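First the structure, in the form of structure tokens, and then the observations on it.
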Amino acid sequence: MYDFRCSNHKILDLAYYDEKTLSLLLVEDTTDQLPVLVQLALSVITDDVYTVLGTNGDIQSQVNCIDVGSAIESNCFRKLENMKACGFALFSSRRRVRIFWMDAEEEEEDEDDEIDGSGIEEGGNLISQERTLDDTPEDTDMEAEANKENTSFSSPLS
Numbered sequence: 001m002y003d004f005r006c007s008n009h010k011i012l013d014l015a016y017y018d019e020k021t022l023s024l025l026l027v028e029d030t031t032d033q034l035p036v037l038v039q040l041a042l043s044v045i046t047d048d049v050y051t052v053l054g055t056n057g058d059i060q061s062q063v064n065c066i067d068v069g070s071a072i073e074s075n076c077f078r079k080l081e082n083m084k085a086c087g088f089a090l091f092s093s094r095r096r097v098r099i100f101w102m103d104a105e106e107e108e109e110d111e112d113d114e115i116d117g118s119g120i121e122e123g124g125n126l127i128s129q130e131r132t133l134d135d136t137p138e139d140t141d142m143e144a145e146a147n148k149e150n151t152s153f154s155s156p157l158s
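Per the UniProt record's numbering, the very first residue in the sequence shown carries number 1; after that it's consecutive.
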């Protein structure tokens, strides 16, 4: 079995996924700097390794480092190829979203088209056109397909 983990990572961001799991956004300390998303079960960290930090002095010198690489299951991490990781975000709906820096050079032409079709430009400022529910057009074919895919069906056997 091939092990995709490496021994050198830097922590970019971390957040509690739930009370039993910590989400870590890491970057490999190599020339590629490939980001890695890890779901670490807190049960692998024993109680005696927690460090109570003081408010004075250098915090980094007070933190104990432990290697949990061998305790991470293969289904608890994923390399995020073709992305440059930045951080996590948590919304009020408790849905977690990964945020990435992305190169938007290819999308400049699309943005010009959107300005022409979605709003009125006055003095360099784009004024968006808002619609109410009464004047919203019928679903497009793509929206209708998306709605069909997102609808859950119950099995006749259940």
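Note that beta-carbon positions come from the ideal geometry of N, C-alpha and C, so glycine has one too.
From a predicted model like this one, the values you see are computed outputs, not experimental measurements.
Just to confirm the assignment, what range does the alpha helix (DSSP H) spanning Ser-61 have? Counting from 1 along the sequence shown, the entry for residue 61 is found at position 61. First-last of the alpha helix (DSSP H) with Ser-61: 59-62.
Does the contact criterion of 3 or more C-beta pairs under 8 Å hold for the segment 55-74 versus the segment 25-36? No: fewer than three Cβ pairs fall under 8 Å.
Environment of Leu-42 [buried if 16+ CB atoms lie within 10 Å]: Here residue 42 refers to the residue found at position 42 of the sequence shown. Counting of Cβ neighbours within 10 angstroms places Leu-42 among the exposed residues, the total staying below 16.
What separation, rounded to the nearest whole angstrom, lies between the Cα atoms of Leu-53 and Cys-65? Your numbering for residue 53 matches position 53 in the sequence shown. Your numbering for residue 65 matches position 65 in the sequence shown. Each residue's CA atom was taken as its position, placing Leu-53 and Cys-65 some 14 Å apart.
N-terminal and C-terminal residue of the beta strand (DSSP E) that Glu-28 is part of: Along the sequence shown, one-based indexing puts residue 28 at 28. Run containing Glu-28: 21-28, per the beta strand (DSSP E) assignment.
Check whether the Cβ atoms of Leu-80 and Val-44 sit closer than 9 Å, and answer yes or no. Taking the first residue of the sequence shown as position 1, residue 80 is located at position 80. Taking the first residue of the sequence shown as position 1, residue 44 is located at position 44. Cβ atoms of Leu-80 and Val-44: not closer than 9 Å.
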